[in-house]
Structure formats: structure tokens, C-alpha cells
Amino acid sequence: MTALRSSVRMSLVALLVAACAGAPPTVPPTSPSPETMSPPPATPSPSSGVTAAPATPSPVAASTPPPDEPPFVFVAAELPAPLDAVPPPRCEGGTTGGDVDYAPDAQGGSPDLETATRALRGVRWTDVIALEERRSGVVRDGRAIFTGSWSRSASGAWLLSSFQACGDAGISLTRPRGLIPDAMVEVMVDGLEIRVAAAADAARAQSDLTLRRGDEVLLVDGPVAADGQEWYLVQSVIGGQEAAAFGWVAAASPTGVVWIDDISEEHCPVVPDDVRQLGVTADELLLHCFGATELAFELDSGVSCHTFEGPLVKPAWFSLDCGSLSGDACGSCAIPLAVDPRFGALPAEQERGRWAFRGHFDDAAASTCRLADASGARAIDLARVVHRCRTTFVLTSLVRLGPSSD
Numbered sequence: 078m079t080a081l082r083s084s085v086r087m088s089l090v091a092l093l094v095a096a097c098a099g100a101p102p103t104v105p106p107t108s109p110s111p112e113t114m115s116p117p118p119a120t121p122s123p124s125s126g127v128t129a130a131p132a133t134p135s136p137v138a139a140s141t142p143p144p145d146e147p148p149f150v151f152v153a154a155e156l157p158a159p160l161d162a163v164p165p166p167r168c169e170g171g172t173t174g175g176d177v178d179y180a181p182d183a184q185g186g187s188p189d190l191e192t193a194t195r196a197l198r199g200v201r202w203t204d205v206i207a208l209e210e211r212r213s214g215v216v217r218d219g220r221a222i223f224t225g226s227w228s229r230s231a232s233g234a235w236l237l238s239s240f241q242a243c244g245d246a247g248i249s250l251t252r253p254r255g256l257i258p259d260a261m262v263e264v265m266v267d268g269l270e271i272r273v274a275a276a277a278d279a280a281r282a283q284s285d286l287t288l289r290r291g292d293e294v295l296l297v298d299g300p301v302a303a304d305g306q307e308w309y310l311v312q313s314v315i316g317g318q319e320a321a322a323f324g325w326v327a328a329a330s331p332t333g334v335v336w337i338d339d340i341s342e343e344h345c346p347v348v349p350d351d352v353r354q355l356g357v358t359a360d361e362l363l364l365h366c367f368g369a370t371e372l373a374f375e376l377d378s379g380v381s382c383h384t385f386e387g388p389l390v391k392p393a394w395f396s397l398d399c400g401s402l403s404g405d406a407c408g409s410c411a412i413p414l415a416v417d418p419r420f421g422a423l424p425a426e427q428e429r430g431r432w433a434f435r436g437h438f439d440d441a442a443a444s445t446c447r448l449a450d451a452s453g454a455r456a457i458d459l460a461r462v463v464h465r466c467r468t469t470f471v472l473t474s475l476v477r478l479g480p481s482s483d
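Just so you know, our numbering puts the end of the sequence shown at 483, numbered straight through with nothing missing.
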């Protein structure tokens, strides 16, 4: 199983960060013209701790590059234009919603209502945002799945005051908590075994590895009831960074002794403030923290990829070969990247410079990921491929602004 993970991950594109430590990079101040100036980056939402991509569909980056090198657009997928009226939700199942309470001095959020709406967890980049005075909505595949009313904070930012969402929309105000998919949970006992199927007599996923008290795992799927226990598909995370065994664990013993439980504390990076931490944060934690939220940031980095001979994964654009940079304080810092060829392509040769990125984890196409050669593959192998694609950062915009600022 470890070999499968390594092969799939190393076949993806990588964002190569050559300086993950030290002071954040800076760009020399400029005075862009109104025609080229993009909206300022949004401030973190108090409900999610993440920053959504600017609502503008333009791929032009948030900063103007040095005058001696114009920006070069590699990837450009436009965000859908907003609607001017908020339709009522059309839910095919249950609904969620209610009022949202804030402290009297609550800050945060975004001064732009479309950006604030896109910052909600579960809003996908292809969703259409509807705007009407202090209300917004989310339309997916022609169906309204969310409506919300907003109020202004003391700083002028938008704060969600009440909402209604379809239960199948996956839109929420907080990160997953408890024993549900995409939640981070903690192992409560020593010697917890990970199995290849949801059964007490199933083979161990990795014969030389058991989970220990305090280890963290991401819940990928479940629960499945078997042998009087509830089982969850998990990806274990060692030391908060290195992903290890993938498989099924029971939530408790047959007598009710708790084996996994809600994690007491999580440390999610905030984009763009902590962008230099993305390359040294576990992929599973990034998926938990951000879901499919569209993120935008600038970074001094090297970017390169080339087609891998005989892709391991389909769709093939999830399966590209990559290089790496190393030698800095964090070694080789990278996150897996992919680009839908409809929107552009990454450079074939290594290019270092100042880049503007926009993209997301948990792309809708990830659910279709499969092994190019699935002969002899087990169900758990197929599930792992989908998981690896979900933790890939899919670019919707990539602009080279100019040379590195360091």
C-alpha cells in the first residue's frame, strides 16, 4: 500500500517551494493603473479561517510585476459571473440552517459579498453566486442550494447572520467535526490496527504498522457496521506531516471502549498569511481545513512538470511527473498540483519566479479518479486513488508575475 501511495503521489504535478522558512517574501511596491488593479485579497472569515479567491473572474494577479517582465498566464479558468437575484433553495432532501451568533466586536470576513460567500466551506469554484443587497445564494447545476443573509461587522466586512442550505450541498460554516468524512480524529489507544476491509478478520493494511495513542487520522468514509462495530476508512498521518497506512479502523471495541474520537485541537494554516506552510502541512490536514474552497495566493517558487510516460491515474491530467527543489530549512517542500487541460498547462521546464496561484483541493473530477491499470486492484486500492486525487491542488489560474522577489 505504501508503494501505491508513493507511485500515485510522485506521478502528480508538484508546487516546488524553495524557501519555506524565514521572512515571507515581499514584492516591491507599485502603483498599478485602475485597468490592471485587482481587488485586494480577502481577510480570513471568522467561521472558516480561510480566504477565498477574489470574486473577479480575471486571472490577473493581485500584485503588479516588475516592469521589466510582464505577467505570463499559464492557466486561466474564469469564475462564473454572479446573478443579480437570489432564488429560493430547491432541495431534493433535507435542509440545514439557522442563525449565526458572533461576539459584539467580531471582525474578519470579506468586504466583498461574493468573496465572503465563496469562502463558505463547500462552495465550489464552478458554483454561481447570486447577490441581492444583503443576501446571497449559491446555484449549482442550475439548482439553488444555499441562501444566506449577511450583516456588516464594525470593520465593514460581511458576516453571515442566517442561512438555509440543502443537506446534500456540502456547504457549512465550520470544518468537519466528529466522526464524519473529512474530520480529523485522534487515536485513543495503543496498537490500533488498520485493515483492508471493514471487518475484524480482514487482513491488516500494513503488517508492520499499528496506530498509537495520540496519532491523528483523517476520516475518509464511513461508518460501515460490521461485527457489532462501526468502521471508518482512514488515512493515518504520522507526526502531522507524513501520511502512512490507509484502511479501515473500528471506532470502538465490541464492549464500547472508544478507539478513535474527535480531535481536541487542530492547527490549520490561513491563506494567504501562512502560504509558506502549505508545502510542509499534511495533505490530509489541508483537505480537512479547506475542503473545496477556492484559494488565491502569491508565492516565490519553482514550478515544473512534464507528461509521465504511461499515466498511473485517469483522468490523465491527475497523473503528471514532477521535479523538486531542496536544500532549504524544510528540505523539499511541495504540494501535488494538477491542471485540467481545458484551462491551460503548467510549464514543462523548471521556472522559478513570483507566481500568482488560484485553485482548490477536492475537485469534483476527483471522484472519477481510477487506476489506469486496475487489474488485480482491491477495493481499498481504488478508494485510495480517489483520496489522493481529492488531496491534489487543482489550479484554475496560474500567472507568472516576474522574477522572484527574494
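We put the beta carbon where it would ideally sit given N, CA and C, even for glycine. Please read these numbers as outputs of a predicted model, since none were measured by experiment.
Legend entry - Cβ-based neighbour list, Ser-249, same chain, cut-off 7 Å, excluding 5 preceding and 5 following: Arg-198 and Gly-199
Inset, instruction - Return the chain-ordered list of same chain residues with a C-beta closer than 7 Å to the C-beta of Ser-444, the five sequence neighbours on each side being excluded. - result: Val-463
Legend entry - alpha helix (DSSP H) segment containing Glu-191, residue limits: 190-195
Inset, instruction - Could you pull the start and end residues of the beta strand (DSSP E) that Asp-176 belongs to? - result: 172-176
Inset, instruction - Given a cut-off of 8 Å, decide if Val-301 and Glu-361 are closer than it, judged by their beta-carbon atoms. - result: no
Inset, instruction - Report yes if the CB atom of Ala-207 is closer than 8 Å to the CB atom of Pro-166, and no otherwise. - result: no
Legend entry - Sub-8 Å separation of Phe-151 and Pro-424 beta-carbons: yes
Inset, instruction - Could you give the DSSP three-state label for Arg-419: helix, strand or coil? - result: coil
Legend entry - Per-residue burial, Ser-378 [other beta carbons within 10 Å of its own, 16 or more giving buried]: buried
Inset, instruction - Could you work out which residue in Arg-272, Val-215, Pro-388 and Ser-238 is closest to Gly-247 when comparing CA atoms only? - result: Val-215
Legend entry - Beta-carbon proximity of Ala-415 to Trp-394, cut-off 8 Å: yes
Legend entry - Proximity of Asp-245 and Pro-253 at Cβ, strictly below 8 Å: no
Legend entry - For Ala-456, the first and last residue of its enclosing beta strand (DSSP E): Element bounds for Ala-456: not the beta strand (DSSP E) but the alpha helix (DSSP H), 456-467.
Inset, instruction - Please confirm if the segment 426-442 is in contact with the segment 369-377, defined as three or more CB-CB distances below 8 Å between the two stretches. - result: yes
Legend entry - Local conformation of Leu-355 per DSSP, three classes: helix
Inset, instruction - Quick one: residues in its chain with C-beta nearer than 7 Å to the C-beta of Ala-276, no 5 flanking neighbours on either side, listed in chain order? - result: Ala-303 and Asp-304
Inset, instruction - Return the first residue and the last residue of the beta strand (DSSP E) that Asp-338 is part of. - result: 337-339
Legend entry - Sequence-distant residues of the same chain with beta carbon closer than 6 Å to Thr-473, five excluded per side: Ala-154, Trp-202, Arg-435 and Gly-436
Legend entry - Cα-Cα separation between Ala-507 and Gln-306, rounded to whole angstroms: The question about residue 507 has no answer, for the chain in this structure spans 78 to 483.
Inset, instruction - With a threshold of 16 other CB atoms inside 10 Å of the CB of Pro-164, please say whether the residue is buried or exposed. - result: exposed
Inset, instruction - Measuring alpha carbon to alpha carbon, tell me which of Val-266, Gly-430, Lys-391 and Asp-298 ends up nearest Asp-450. - result: Lys-391
Inset, instruction - Check the DSSP bridge columns for His-365 and list the partner residues they point to. - result: The partner list for His-365 (beta bridge, DSSP) is empty, contrary to what the question assumes.
Legend entry - C-alpha gap between Val-471 and Val-347, whole angstroms: 18 Å
Legend entry - Proximity of Leu-488 and Val-326 at Cβ, strictly below 8 Å: Examination of residue 488 is not possible in this model, given that the chain is present from 78 through 483 alone.
Inset, instruction - Measuring alpha carbon to alpha carbon, tell me which of Gly-299, Ala-454 and Ala-359 ends up nearest Pro-413. - result: Ala-359
Legend entry - Three-state secondary structure assigned by DSSP to Thr-203: coil
Inset, instruction - Would you grab the beta carbon distance between Cys-168 and Cys-243 for me? Rounded to a whole angstrom, and I think it's under 8 Å. - result: 4 Å
Legend entry - Between the CA atoms of Ser-232 and Arg-211 - distance to the nearest angstrom: 16 Å
Inset, instruction - Note the first and the last residue of the continuous beta strand (DSSP E) segment covering Thr-473. - result: 470-479
Legend entry - Residue range of the unbroken beta strand (DSSP E) whose run includes His-437: 428-437
Inset, instruction - Assign Ala-442 to one of three DSSP states: helix, strand, or coil. - result: helix
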